[in-house]
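Only one structure is covered here, and it is reproduced in the block below.
Residue numbers (this note's numbering): 101 to 889.
Next up, the structure:
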């Protein structure tokens, strides 16, 4: 039996729990010191050399945008880790959970603070991998494993696109520093690579922030524990894509492709996700789809690009982070205390859980956009920005109006429905959650109210500096709770009225949506499964064909791929326009050159036509000796000697190995392979063309000059080739020697192992399929299920 102290430590999460709270709290305090300087218009750049040879510095850029994200990540992270102490502290794998969460936090901080494109990508992938581990934390659950893999594959694919875009952008700009790239936005927009860069960056951002049609992975990520959901949806991973778009707005924004891609995708995602939110019955799923709505709205207004739109987006970023984290933490308490998150089963919980209800109500009121909460201010500014838009004003305003109405309904379903009304009999014994769990939602809800009443606080310290960083120049930010009766205020009143009516009818609305969605033949999540099944079927077919066990087929596919790749490259790069006078070149050949060429050709033809493997090996040796003669004629005796030694060793070793192999009966009928012959000619011609193309270019002789100048002073050797191999490439040469030794030992072991095979060959009757080894069919594959009796 565990002692009392051990039990308390286990329940409270032990040292891992409190360390996980102290780390983000300390980081929050450290970042808070930059609020004053950043609000004053300055920024900080802190960094060290990371990969100097590639010009990569690990630098942190602390400006309005990155500081806002850093404070949200660490501040909400502190409350989430405090919450998780009681939510998961007794779990036997809780220290592993803390480790994953800390890695996740570091990844998000690195992503939002990195001033180098390569460093940004590295931290981007850290968030991808750590979120995979967090979503699949309950590894015994098939649903968790599937959701984690889905998130990993989708966001990982987007990460690869981002890497390609970062490389192209660094190439176009001549630097990977984001600070330097931001100062040349006009040059990037006019660059020939702008459109590929834009597509690749948006592919990474859209998959990370789950924009349509990549939206379906985010609701499935609700398989993660509630603290992960609260953290992932409010301040971290899914906002990584939003951060990327906001950070790149001064560089890539302001163009027609940027505007329409973000406005259309963001607007559609906003309305689409809001409709699906009303369709759900699990409150956690409702909140997940409202996160999609928020991400769509942020994308929409970053794409709109005006100063009013950027200001509204940065304000809504803060608004959403506060209320969404509070709502997720609230429903986690309800789930833990009642055992369910289903809307139909939850009623009247306010009597038993008054503090949790209070915290959830604060967050829900802000989410619904009701004054005096900051959510109301955020909604007003979204309406203002939509109405002021010069292009697609009706689309922007209409989509945000529809989403705001449905968010009002979702807020009522998530909080009013579970906590108000008559308490069911089965919940009579329900009690309030522990303080460590409701403290976070209360603090976040209080900030939503505080920022609404004292709007100048987020204006000065958060929204203003962030807007300036995203817009690229100084922008006047004036947040207010009420600024008179205007079009935005009237839209807010209409939002409340329509939202209240739809909340009263949300049961019928859900049923209608269920019928419409069930009748829709396009279903993204099942489509994902079918896509994976198709990919597996393709891989299985490809494996059966390529991994057939027939060496001849392996070689054919390898050389066919080589011919296709090289031929396509030569054609696309127009590298076959040599401008070479071949007649003059041939006139310069002497008799000895023609003799060696004839010697090599004869060896190659004999290798291809002979039916004797021993003769073929000897003929290949003839080709190698001819190549050695070419080296000798062109004053490369060292290479010629190496070539002769290699050819001699190969012929001798293969001949000895063949003597150890069992004798095969001669073929009764030789099959001609015209396709193989054509492929051989094509590969030979392409190799020749590549060599001719290389010889027509200006060779970079800087390395040649370097080795010529330093071989004697530094390595005390006049034979440059030997000095390169033995001194300058000593480690590489040592590795090659090691490889040869391993290969020799393996060959020796195989040759010794043929004794048993030779004896068996002599004692057992010959098999019919041993006449032609390379044409033998692949062995049948038998699954484990088929092999069982």
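All C-beta atoms in this analysis are idealised placements derived from N, C-alpha and C, irrespective of residue type, glycine included.
Just so you know, these numbers come straight off a predicted model, no measurement behind them.
Cβ-based neighbour list, residue 180, same chain, cut-off 6 angstroms, excluding 5 preceding and 5 following: Locating residue 180 in the chain shown gives position 80, counting from the first residue. Hits under 6 angstroms: 327, 330 and 331.
Residues bridged to residue 214 (per DSSP): On the chain shown, residue 214 is found 114 positions in, with the first residue counted as 1. Residue 214 is bridged to 160.
6 angstroms Cβ shell around residue 183 - same chain, five flanking residues per side excluded: As a working mapping, residue 183 is identified with position 83 in the chain shown. Within the same chain, residue 183 has close Cβ partners 327, 429, 537 and 540.
Same chain, Cβ closer than 6 angstroms to residue 583, neighbours up to 5 away in sequence not counted: Counting from one through the chain shown, the residue named residue 583 turns up at place 483. Answer for residue 583: no residue qualifies.
Residue environment, residue 669, which counts as buried when at least 16 other CB atoms sit within 10 Å: In the chain shown, counting from the first residue as 1, residue 669 sits at position 569. Burial call: exposed.
Terminal residues of the beta strand (DSSP E) in which residue 144 lies: Locating residue 144 in the chain shown gives position 44, where the first residue counts as 1. That run of the beta strand (DSSP E) goes 144 to 151.
Other residues of its chain near residue 210: CB distance less than 6 angstroms, five sequence neighbours each side excluded: As a working note, residue 210 is residue 110 in the chain shown. Only 223 meet the Cβ criterion.
Reference residue 199; option with closest CA among 237, 163, 354 and 168: Translated into the one-based positions of the chain shown, residue 199 becomes position 99. If we check each option's Cα against that of residue 199, 237 comes out closest.
Proximity of residue 391 and residue 333 at Cβ, strictly below 8 angstroms: In the chain shown, counting from the first residue as 1, residue 391 sits at position 291. In the chain shown, counting from the first residue as 1, residue 333 sits at position 233. In this structure, residue 333 lies closer than 8 angstroms to residue 391 by Cβ.
Alpha-carbon spacing of residue 202 relative to residue 337, whole angstroms: Here residue 202 refers to the residue found at position 102 when the chain shown is read from its first residue. Here residue 337 refers to the residue found at position 237 when the chain shown is read from its first residue. Approximately 13 angstroms between the Cα atoms of the pair.
DSSP bridge partner residues for residue 532 (one or two, in chain order): Stepping through the chain shown from its first residue, residue 532 is reached at position 432. According to DSSP, residue 532 bridges with nothing at all.
Length of the line joining the Cα atoms of residue 101 and residue 186: Along the chain shown, one-based indexing puts residue 101 at 1. Along the chain shown, one-based indexing puts residue 186 at 86. Residue placement at residue 101 cannot be trusted, given a pLDDT of 38 that sits under 50; what the coordinates show is reported in the next sentence. Distance between the alpha carbons of residue 101 and residue 186: 21 angstroms.
Start-to-end residues for the alpha helix (DSSP H) that takes in residue 341: Locating residue 341 in the chain shown gives position 241, where the first residue counts as 1. Residues 338 to 352.
N- and C-terminal bounds of the alpha helix (DSSP H) containing residue 291: As a working note, residue 291 is residue 191 in the chain shown. Note, residue 291: premise wrong, no alpha helix (DSSP H); not H, not E.
Test: residue 350 CB closer than 8 angstroms to a CB of chain B: Among the protein chains of the structure shown there is no chain B, as only one such chain exists.
Local Cβ density within 10 Å of residue 594, reported as buried at 16 or more and exposed below that: Counting from one through the chain shown, the residue named residue 594 turns up at place 494. Residue 594 should be labelled exposed.
Nearest-angstrom Cβ-Cβ length linking residue 548 and residue 473, presumed shorter than 8 angstroms: By one-based count along the chain shown, residue 548 stands at place 448. By one-based count along the chain shown, residue 473 stands at place 373. Right, the Cβ-Cβ distance comes to about 5 angstroms (below 8 angstroms), so this counts as a contact.
First and last residue of the uninterrupted alpha helix (DSSP H) at residue 712: Walking along the chain shown from the start, residue 712 turns up at place 612. Looking at the DSSP string, residue 712 is not in any alpha helix (DSSP H), and its letter there is neither H nor E.
Between the CA atoms of residue 367 and residue 435 - distance to the nearest angstrom: For the purposes of this step, residue 435 is taken as residue 335 along the chain shown, with counting starting at 1. For the purposes of this step, residue 367 is taken as residue 267 along the chain shown, with counting starting at 1. Spanning the two alpha carbons is a distance of roughly 32 angstroms.
Outcome for residue 858 when other beta-carbon atoms lying within 10 angstroms are tallied against a minimum of 16: Stepping through the chain shown from its first residue, residue 858 is reached at position 758. Summary for residue 858: the model assigns pLDDT 44, below 50, so the residue's position carries little reliability; its value from the coordinates is reported in the next sentence. Exposed.
Of the residues 557, 561, 578 and 776, the one placed nearest residue 663, counting alpha carbons only: Numbered from its first residue, the chain shown carries residue 663 at position 563. Residue 663 has its Cα closest to that of 776, out of 557, 561, 578 and 776.
Inter-residue Cα distance where the pair is residue 807 and residue 836: The count along the chain shown starts at 1 and reaches residue 807 at position 707. The count along the chain shown starts at 1 and reaches residue 836 at position 736. Using only the alpha carbons, I get a separation of about 21 angstroms.
Distance CB(residue 580)-CB(residue 555) smaller than 8 angstroms: Within the chain shown, numbered from 1, the residue matching residue 580 stands at position 480. Within the chain shown, numbered from 1, the residue matching residue 555 stands at position 455. Taking 8 angstroms as the Cβ cut-off, residue 580 and residue 555 qualify as a contacting pair.
Those residues which DSSP pairs with residue 442 across a bridge: On the chain shown, residue 442 is found 342 positions in, with the first residue counted as 1. In DSSP, residue 442 forms a bridge with 382.
Separation of residue 716 from residue 705, as counted between CA atoms: Here residue 705 is taken as the residue at index 605 of the chain shown, counted from 1. Here residue 716 is taken as the residue at index 616 of the chain shown, counted from 1. Whole-angstrom Cα-Cα distance: 10 angstroms.
Three CB pairs or more closer than 8 angstroms across the stretch 356 to 366 and the stretch 272 to 282: no
Nearest to residue 487 (by Cα), restricted to the options 408, 306 and 846: Position 387 of the chain shown holds residue 487. Ranking 408, 306 and 846 by Cα distance to residue 487 puts 408 first.
Rounded C-alpha distance that separates residue 893 from residue 347: In the structure displayed, the chain extends from 101 to 889; residue 893 sits before or after that span and is not available.
With 16 other Cβ atoms within 10 Å as the buried cut-off, status of residue 157: Residue numbering aside, residue 157 sits at position 57 when the chain shown is read from its first letter. With 16 or more other Cβ atoms within 10 Å, it is buried.
Option in 375, 552 and 631 with minimal Cα separation from residue 616: Numbered from 1 along the chain shown, position 516 holds the residue referred to as residue 616. Per the Cα distances, 375.
Beta-bridge partners of residue 277, as assigned by DSSP: Taking the first residue of the chain shown as 1, we reach residue 277 at position 177. In DSSP, residue 277 forms a bridge with 216.
Residues of its chain near residue 740, where Cβ-Cβ distance is below 6 angstroms and the 5 sequence neighbours each way are ignored: The sequence position of residue 740 within the chain shown is 640, counting from 1. Only 728, 731 and 732 meet the Cβ criterion.
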